[in-house]
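Written out below as structure tokens is the structure these notes cover.
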Amino acid sequence: MATLHSQFDTIINRKGTNAMSLSGYRGYLFEVDEDLCGKYPEDEFIPMWVADMEFAIAPEIIAAMRNRLDHPLLGYSMVANQDYPLAFQNWCIDRYQWKFNLEHLVYSKGVVPALFNLIGLICKPDEKVLIVTPSYAFFKHSADYNGIELVCSDLINIDGKYQMNLADIEEKASDEKCVLALFCNPHNPTGRVWSEEELLEFGKRCLDHNLTIISDEIHCDLLRKNQEFTPMARLFPNSDRIITCMAPSKTFNLAGNLFANLIIPNDDLRKRYSDNYIPIENPLSIVAAEAAYTRGREWLSQLTDYLDSNFHYLSEQLAMHLPHAKVVIPESTYLAWVNLSHYSNKDENLTLFFARKAGVLLEGGEMFVTNADGYIRLNLACPRARLEEGIRRIVKAVLEMG
Ligand SMILES: Cc1ncc(COP(=O)(O)O)c(C=O)c1O
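Printed below as a string of structure tokens:
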């Protein structure tokens with residue numbers, strides 16, 4: 032019998048599927064007309080940028096979607112009963128010992144659309160939003176879109192372990208115009224899973240200064256084997272100012288289904304959010320999400336084994352071929368955050384460099400707001416053979432850099 036591991040080894044051609052990883056990079060990574068002509072033709076580029084996976088989704092999820100298609104109507108649909116909410120709530124109880132109130136659960140077409148909406152609902156035009164940096168770029172984009180000033184607190188990298196600068200955060204949070212923190216746990220791009228102690232320190236500082244916190248926990252299920260995840264809201268059961276964002280999209284490779292969970296405990300904010308949100312969901316997305324949370328556990332465990340081994344492979348290869356590259360296996364996510372500053376020029380646009388010289392699409396530090404010079408973020412959620420070729424090309428390009 033074929034093992035699930037061999038399923039993750041399969042290279043699946045995404046050409047002709049409207050995949051963002053193959054068709055969307057010109058808009059996101061480069062100026063549209065930028066000359067990418069380099070060593071490799073674009074149809075041989077290896078995509079290691081956008082955060083989705085090159086793996087087939089769990090058979091249980093495909094079966095649920097097929098089953099739904101046996102019913103020949105795909106009219107307007109909504110989360111109309113408790114099956115899905117209970118499935119998701121049970122997932123959080125089982126895995127994170129967190130029982131959120133079902134009445135607080137609402138939906139979104141994704142975490143990013145939720146951020147764009149919520150910032151506008153929470154912040155007045157002259158107010159500010161706090162983030163830690165480096166940061167997922169859409170935290171900045173969502174503040175910019177709403178015309179809200181961004182306040183950045185740089186993380187500190189101590190021997191490869193990123194830590195928050197709590198004194199700086201305290202000072203920035205104490206600005207009365209700073210009313211919202213966008214927090215990422217597990218953190219993209221560094222892969223940190225913040226400990227309970229760190230979450231308490233950060234949360235207390237924000238809440239004491241009356242900030243609302245949006246805790247983006249979209250990467251929480253993708254833990255390395257020895258890690259534990261704590262939802263921030265679990266630590267502050269008496270606060271109604273922590274909004275939690277979770278989704279099956281990263282965990283189960285369902286990003287194209289456009290379906291995410293928001294837990295908004297504050298009644299007034301939840302009402303204002305809901306007044307702004309048309310609660311029509313894709314019927315296939317609802318059954319896929321329910322199948323994921325009820326029957327996806329075993330597949331996820333196999334996936335995390337595979338990812339763990341991809342991370343070990345990357346570490347070994349870098350140690351062997353680029354000994355001055357610094358990489359720490361992240362505590363969660365399938366994203367590797369690699370410091371290449373020993374090899375690269377401070378001003379080098381690494382995204383462009385690796386597209387041109389290695390034919391690898393990745394995200395250089397300049398894509399992560401600030402505090403990320405000399406880094407690249409690599410998506411390791413791909414079959415091993417693809418990873419081997421990607422790393423081989425990256426190593427070669429770096430060695431030819433000087
Ligand atoms: C921290 C974080 N939040 C949100 C998203 C995207 O969420 P969605 O696809 O649900 O909009 C990503 C995707 O990379 C992410 O890394």
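Residue numbers (the numbering used here): 32 to 433.
Backbone N, C-alpha and C define an ideal beta-carbon position, used for all residues, glycine too.
Please read these numbers as outputs of a predicted model, since none were measured by experiment.
Measure the C-alpha to C-alpha separation of ASP157 and CYS276 and round it to an integer number of angstroms.
Approximately 25 angstroms between the Cα atoms of the pair.
For MET348, I'd like the list of residues in its chain whose CB is within less than 6 angstroms of its CB, leaving aside the five on either flank, ordered along the chain.
Correcting the residue type first, residue 348 is Gln in the shown sequence and not Met. Same-chain partners within the cutoff: ILE422.
Return yes when at least one heavy atom of ligand 1 lies under 6 angstroms from the C-beta of ASP247, else no.
Answer for ASP247: yes, Cβ within range of ligand 1.
Looking at TYR324 and ligand 1, is the gap between the Cβ and the nearest heavy atom below 6 angstroms?
TYR324 Cβ: outside cutoff for every heavy atom of ligand 1.
Where does TYR122 sit, in a helix, a strand or coil, going by DSSP?
According to the sequence displayed, residue 122 carries Trp and not Tyr. TRP122 falls in the helix class under three-state DSSP.
So, at 7 angstroms on beta carbons, what are the nonlocal neighbours of ILE88 in its own chain, with the 5 sequence-adjacent residues on each side left out?
The residues are PHE283, ASN284 and LEU285.
Buried or exposed: which applies to ASP306, given that a residue is buried once 16 or more other Cβ atoms fall within 10 Å of its Cβ?
The residue in question, ASP306, is exposed, as its Cβ has fewer than 16 Cβ neighbours within 10 Å.
When we look at the beta-carbon of ARG272 and count the other beta-carbons within 10 Å, is it buried (16 or more) or exposed?
Flag for ARG272 reads buried.
Per the contact definition of three or more C-beta pairs closer than 8 angstroms, is the stretch 356-375 in contact with the stretch 138-147?
The stretch 138-147 vs the stretch 356-375: no contact.
Please state the DSSP three-state secondary structure of TYR365.
In this structure, TYR365 counts as coil in the three-state DSSP scheme.
From LEU149 to VAL110, what does the alpha carbon distance come to, in whole angstroms?
Cα to Cα, LEU149 sits roughly 21 angstroms from VAL110.
Exposed or buried, what is GLN113 when buried is set at 16 or more other beta-carbons lying within 10 Å of its beta-carbon?
GLN113 comes out exposed.
How about ALA82: is its Cβ closer than 6 angstroms to a heavy atom in ligand 1?
At least one heavy atom of ligand 1 is nearer than 6 angstroms to the Cβ of ALA82, so yes.
Are the CB atoms of GLU329 and TRP80 nearer to each other than 7 angstroms?
Result no, Cβ atoms of GLU329 and TRP80 do not sit closer than 7 angstroms.
How many whole angstroms separate the CB atoms of MET398 and ALA82, which I take to be in contact at a CB cut-off of 8 angstroms?
Between ALA82 and MET398 the Cβ distance is about 12 angstroms, and since that is not below 8 angstroms, they are no contact.
Can you give me the C-alpha to C-alpha distance between SER280 and ILE295, rounded to a whole angstrom?
Straight-line Cα distance between these residues: approximately 19 angstroms.
Considering only residues of the same chain and omitting the five flanking positions on each side of ILE153, which have a CB-CB separation below 6 angstroms?
Here the set comprises LEU211 and THR243.
Would ASN44 be called buried (16 or more neighbouring beta carbons within 10 Å of its own) or exposed?
Under this definition ASN44 is an exposed residue.
At what residues does the beta strand (DSSP E) containing SER54 begin and finish?
It is not in any beta strand (DSSP E) - SER54 instead sits in the alpha helix (DSSP H) that spans 51-54.
Since MET263 is in the alpha helix (DSSP H), which residue starts that stretch and which ends it?
Taken as a continuous stretch (DSSP letters only), the alpha helix (DSSP H) holding MET263 covers 263-266.
Are the CB atoms of PRO220 and LEU366 nearer to each other than 7 angstroms?
Contact flag set, yes.
Return the CA-CA distance between VAL143 and ILE179, expressed in angstroms with no decimal places.
Going by the C-alpha atoms only, they are around 16 angstroms apart.
Could you check how far apart the C-beta atoms of ILE77 and GLU362 are, in whole angstroms? I think they sit under 8 angstroms.
Between GLU362 and ILE77 the Cβ distance is about 25 angstroms, and since that is not below 8 angstroms, they are no contact.
Does DSSP put PRO217 in a helix, in a strand, or in coil?
Correct three-state label for PRO217: coil.
Out of LYS192, LYS208 and ASN410, which one is the CA nearest neighbour of LYS15?
Outside the shown range of the chain, which is 32 to 433, sits residue 15, and nothing can be said about it.
Measure the Cβ-Cβ separation of LEU105 and PRO310 and say whether it is below 7 angstroms.
It is not a contact, given that the beta carbons lie outside the stated cut-off.
In this structure, what does DSSP give as the bridge partners for MET277?
Partner(s): ASN292.
Hey, which unbroken runs of the alpha helix (DSSP H) at 4 residues or more fall wholly within the stretch 42-122?
Whole alpha helix (DSSP H) segments, 4+ residues: 51-54, 56-59 and 90-100.
Tell me whether ARG142 counts as near ligand 1, meaning its Cβ is closer than 6 angstroms to at least one heavy atom of that ligand.
Looking at the sequence itself, residue 142 is Val, so the reference to Arg does not match. Yes.
According to DSSP, simplified to helix, strand and coil, what is TYR406?
Correct three-state label for TYR406: strand.
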